[in-house]
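Engineer:
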Amino acid sequence: MSSSGEVHSAPPDARPATPEDEPAGGATAVAGRPAAEPSLAEQARRGPVKFWPVLLVGVLLVMLGGALGLRSDAQLAVLILVVVVALVFDYTNGFHDAANAIATSVSTRALTPRAALLMAAVMNLIGALLGVEVAKTVSEVITPPTGLHGLTVVAAGVLGAITWNLITWYFGLPSSSSHALIGGVVGAGLASASSVSWTTVAEKVAIPMVLSPVAGFCLAYLVMVAILWIFRRAQPSRVGRRFRIAQSVSAASMALGHGLQDAQKTMGIIVLALVTTGHSDGQGVPLWVIVSCAGALSLGTYAGGWRIMRTLGRRVIELDPPKGFAAEATASMILYATAYFWHAPISTTHTITSSIMGVGATKRLSAVRWGVAGNIVTAWVLTMPMAASVAALVYWLVHLFGA
């Protein structure tokens with residue numbers, strides 16, 4: 398009951414609070430005010446101590462396997478190890494980016510969390526089978542040496558991406574798996590003195606990295622303004638119900654675009670490994686590579702990404718069904734256009750997050766929680782150099798002990 402004596406009842410579609418609704422880092426509200434966002438340093442101090450040893454042990458085991466393979470000159474064994482590591486990256490990409498497709502639908506209650514995850518997994522699987530042009534672009538980023546040395550470069554690049562993916566997933570930050578992968582491959586390439594195609598990096602990665610979030614923000618803002626104008630005289634409750642149905646379609650479209658973009662990046666890495674060992678000429682993508690990457694991404698998606706889902710769906714901007722539909726429809730169009738027309742491996746995360754900010758800005762600029770957005774931008778800026786640094790370190794260590 399408010400001070401004026403009015404009774405405020407819960408909306409009819411309200412649901413009980415769940416652990417996923419709690420603020421990140423355990424922050425609580427005080428005196429009716431929203432909880433302050435914890436800094437990255439505070440989140441690190443509050444985290445479970447077992448996470449970091451597990452991550453370190455996993456990376457060390459893979460490095461040890463690679464070093465042993467190099468010492469014994471077991472090229473086929475190292476190739477299998479690289480393929481497995483790439484598929485693990487694809488799996489982490491799935492649960493890391495699951496929120497991209499479904500966070501808005503879950504936060505507006507257009508879909509239940511489990512139904513949304515299942516839908517996203519199926520659509521990711523289908524999307525991964527619809528093209529290979531982005532995979533070809535990724536395989537052209539560097540020209541590694543042939544044989545075991547080349548496999549070491551590729552494996553180090555993927556390990557750098559996996560490490561950064563897990564760190565940002567743990568903190569609940571929607572950083573870009575795509576740019577982590579490109580950064581890791583470039584970092585390993587530089588450390589090994591391999592040839593890096595800076596033209597491809599600039600035209601297919603750097604420029605889209607800047608333009609896709611800008612396009613997402615501006616187009617989503619315009620789409621939301623159009624929706625507000627078209628339905629300005631409609632009854633809000635009726636509009637909300639209709640857009641919940643429409644949002645189920647837009648979420649499926651978003652998941653399809655995620656599969657179309659992200660599974661192909663792992664395909665490109667595996668093709669790169671096959672080329673270095675003479676098992677492929679790089680002109681096409683073998684069917685078994687397409688199916689395995691699609692399956693790994695789909696399984697990872699169904700494993701879920703609750704931490705990042707909360708950041709995108711509730712902490713950047715409070716969403717309603719029309720806003721969720723506008724953000725997902727805009728992001729989907731950008732993903733399809735870049736995959737089919739420019740063959741550019743853009744970030745699904747950048748695109749949907751900027752689209753969410755764009756629809757939120759139609760209410761007022763202060764409606765966007767710029768503190769949370771600032772943390773996300775920080776993760777974006779750090780992604781490529783951090784993944785590159787980890788990949789370079791992994792390459793040097795494996796090369797040192799396995800040479």
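For the record, in the sequence shown the residue sitting at position 143 is 540 according to my numbering, with numbers rising by one throughout. Built from N, CA and C at the ideal position, the CB exists for glycine as well. All figures in this text were calculated on a predicted structure; none of them were measured in a lab.
Please tell me whether Val503 and Val538 are closer than 8 Å, where the distance is taken between their beta carbons.
Structural biologist: Cβ atoms of Val503 and Val538: not closer than 8 Å.
Engineer: Whole alpha helix (DSSP H) runs in the stretch 628 to 685 with 4 or more residues, listed along the chain?
Structural biologist: Correct list: 633 to 673.
Engineer: Would you tell me roughly how many angstroms separate the C-alpha atoms of Pro541 and Phe568, rounded to the nearest one?
Structural biologist: Using only the alpha carbons, I get a separation of about 33 Å.
Engineer: Beta-carbon separation of Leu556 and Val480 under 8 Å?
Structural biologist: Result no, Cβ atoms of Leu556 and Val480 do not sit closer than 8 Å.
Engineer: Please confirm if the stretch 750 to 761 is in contact with the stretch 526 to 536, defined as three or more CB-CB distances below 8 Å between the two stretches.
Structural biologist: Verdict: no, contact absent.
Engineer: Using CA coordinates, which residue listed in Leu653, Ile499 and Phe614 is at the minimum distance from Asn521?
Structural biologist: Closest option to Asn521, Cα to Cα, is Leu653.
Engineer: Residues in the same chain with beta-carbon distance under 6 Å from Asp487, minus the five sequence neighbours each way, listed in chain order, please.
Structural biologist: Thr663, Cys690, Ala693 and Leu694, listed in sequence order.
Engineer: Just the Cα atoms here: how many angstroms apart are Ala660 and Leu476?
Structural biologist: Spanning the two alpha carbons is a distance of roughly 19 Å.
Engineer: On the criterion of 16 or more Cβ atoms from any shown chain inside 10 Å, does His676 qualify as buried, or is it exposed?
Structural biologist: So His676 ends up on the exposed side.
Engineer: Along the alpha helix (DSSP H) that carries Pro831, what are the first and last residues, could you check?
Structural biologist: Residue 831 falls outside the range modelled here, since the chain spans only 398 to 800, and no answer is possible.
Engineer: If we require 4 or more residues per run, which alpha helix (DSSP H) segments fall completely within the stretch 564 to 635?
Structural biologist: 574 to 588 and 604 to 627, all fully within the stretch 564 to 635.
Engineer: Suppose contacts are defined by Cβ-Cβ distances below 8 Å. Is Pro719 in contact with Val636 by that definition?
Structural biologist: Yes; because the gap between Cβ atoms is below 8 Å, this pair is in contact.
Engineer: Does DSSP put Thr750 in a helix, in a strand, or in coil?
Structural biologist: Thr750 falls in the helix class under three-state DSSP.
Engineer: Within 8 Å, do at least three Cβ pairs link the stretch 602 to 621 to the stretch 731 to 742?
Structural biologist: Counting Cβ pairs under 8 Å, three or more are found: they touch.
Engineer: Three-state secondary structure (DSSP) at Ile743?
Structural biologist: Correct three-state label for Ile743: coil.
Engineer: Return the CA-CA distance between Asn490 and Arg630, expressed in angstroms with no decimal places.
Structural biologist: Near 42 Å, if we compare the C-alpha coordinates of Arg630 and Asn490.
Engineer: Note down, in chain order, each residue of its chain lying with its Cβ closer than 7 Å to the Cβ of Ile559, except the 5 sequence neighbours on either side.
Structural biologist: Val485, Phe486 and Thr489.
Engineer: May I ask which residues mark the beginning and end of the alpha helix (DSSP H) holding Phe738?
Structural biologist: Where Phe738 is concerned, there is no enclosing alpha helix (DSSP H), given that its DSSP letter is neither H nor E.
Engineer: Would you mind working out which of Ala507, Ala525, Ala513 and Arg506 sits nearest Val682, comparing C-alpha positions?
Structural biologist: The shortest Cα separation from Val682 among Ala507, Ala525, Ala513 and Arg506 belongs to Ala525.
Engineer: Counting along the chain, where does the alpha helix (DSSP H) carrying Thr505 start and finish?
Structural biologist: Unbroken run through Thr505: none, as it is neither H nor E.
Engineer: Around the C-beta of Gly554, are 16 or more other C-beta atoms found within 10 angstroms, so that it is buried, or is it exposed?
Structural biologist: Classification for Gly554: buried.
Engineer: Cα separation between Leu587 and Ala789?
Structural biologist: The alpha-carbon atoms of Leu587 and Ala789 are separated by roughly 8 Å.
Engineer: For Thr780, does the three-state DSSP call read helix, strand or coil?
Structural biologist: Here Thr780 sits in helix by DSSP.
Engineer: By DSSP's criteria, Thr540 is part of a beta bridge. Which residues make up the other side?
Structural biologist: Answer by DSSP bridge pairing, in chain order: Ser592.
Engineer: With 16 as the cutoff for other CB atoms within 10 Å, does Arg592 come out buried or exposed?
Structural biologist: One point to set straight first is that residue 592 is Ser, not Arg, in the sequence displayed. Ser592 comes out exposed.
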